[in-house]
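Chemist: One structure, as structure tokens, below. Some questions next.
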Amino acid sequence: MGLYGSPDVGNLYTNPKEHKEPKKPKKNIYKLLWVLVALNVIVLALTEVTKDHILTLIFADSIIVFIVSIIGLIYNGVKKNSIQKNLLFIVLSIVIGLLSAFNMEPIDTVDGISDINNVENEQIGQRKNPAKIGDIVSLDVIDSDGLTFTIEVELLETKRGENAKELIETINDFSGGPGQDKEYMFAKFRVKNIKNKSSEDSPLHLSWNYFNYATSDYKKYTNSALISGPDILDTVELYEGAEHIAWVCLYIKKDDPNPKIVFLDGEGVWFDL
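Residue 390 in this note's numbering sits at position 34 of the sequence shown; the count goes up by one each step and never skips.
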């Protein structure tokens, strides 16, 4: 107040009120955008730059911006600040996210899985990519009666030359032996009858003559080694669910560096020995 109670219009006798500058809105959202841009550049520099990679990053960025904008909207609403920019970024993040999602290539998981299975089935056990010890090959076979079976075939172990001496001592060779330029090759197989696809309850007849020798340069010979022994495969009947493990004996060339066994005639299943 001035003298005699008059109002102090000029602030001569009272302290003037401090004039506070309005706080400038924080630009956290803009900082976030620059951080996302920097991260995207780093990710693209470390990976292959493709259309799907770019769209995936944009989609992920839009989700982050959407979440941050929602949090900012709630905060500014409680503080009674302007929420226009928050609404703007929410709308933009939704639009950009939907556009990037619609332009991505669809992932066909069913076709992808079936394609992988087809490739594996075509490769393993074929002449140019024979199965090895431990590989399990599934296939359908038709026996002499015209019945179809789904079976598994697996090579477990091989013995040749000096390593085969113990087995040679236990066998009876009715074919007269391998001869001078050949030697014994023993291969232990596991064969399982997975399913009988016919309506009859009939067994699969498994025999030693289902296995034939093929050379490194793909000359295929019919198995002529008529061998018997305690663990040698003879003829066995396998009903659905049954499996059998036994040795198969072949005569192979001594100088053959990479002999093979072919299970069944025709296309058959090829195994590296």
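For glycine and all other residues, C-beta sits at the position ideal for the given N, C-alpha and C.
Give the list of continuous alpha helix (DSSP H) stretches no shorter than 4 residues that lie fully inside the segment 507-554.
Modeler: Here the runs fully enclosed are 521-524.
Chemist: Straight-line CA distance for residue 569 to residue 545?
Modeler: 14 Å
Chemist: Taking C-alpha atoms, which residue in 579, 601 and 590 lies nearest to residue 620?
Modeler: Here the closest residue by C-alpha is 579.
Chemist: Rounded to whole angstroms, what is the Cα-Cα separation between residue 397 and residue 457?
Modeler: 20 Å
Chemist: Where DSSP assigns a beta bridge to residue 570, which residues make up the other side?
Modeler: 576 and 616
Chemist: Closest by CA to residue 391, which one among 413, 408, 498 and 407?
Modeler: 413
Chemist: Closest to residue 305 by C-alpha separation, out of 584, 513, 430 and 555, would be which residue?
Modeler: Because the chain here runs from 357 to 629, residue 305 falls outside it and cannot be looked at.
Chemist: List the DSSP bridge partners of residue 563.
Modeler: Bridge pairing for residue 563: 591 [DSSP].
Chemist: Look at the alpha carbon of residue 403 and the alpha carbon of residue 411, and state the distance between them as a whole number of angstroms.
Modeler: Their Cα atoms are separated by approximately 14 Å.
Chemist: Report the three-state DSSP secondary structure of residue 403 (helix, strand or coil).
Modeler: coil
Chemist: Please confirm whether residue 511 and residue 496 have their CB atoms less than 9 Å apart.
Modeler: no
Chemist: Pop quiz: residue 582 and residue 530 are said to be a contact at Cβ under 8 Å. What is the actual Cβ separation, rounded to whole angstroms?
Modeler: 4 Å
Chemist: In three-state DSSP terms, what is residue 341?
Modeler: The structure shown has nothing for residue 341, since the chain only spans 357 to 629.
Chemist: With contact counted as at least three CB pairs below 8 Å, one residue from each stretch, are the segment 552-560 and the segment 605-624 in contact?
Modeler: no
Chemist: Taking the alpha-carbon positions, what's the residue 626 to residue 594 distance?
Modeler: 22 Å
Chemist: Using a threshold of 9 Å, state whether the C-beta atoms of residue 439 and residue 422 are closer than that.
Modeler: It is not a contact, given that the beta carbons lie outside the stated cut-off.
Chemist: Pick out whichever of 393, 556 and 577 has its Cα sitting closest to the Cα of residue 538.
Modeler: The residue with the shortest Cα to Cα distance from residue 538 is 577.
Chemist: Nearest by alpha-carbon distance to residue 442: which of 426, 450 and 434 is it?
Modeler: 426
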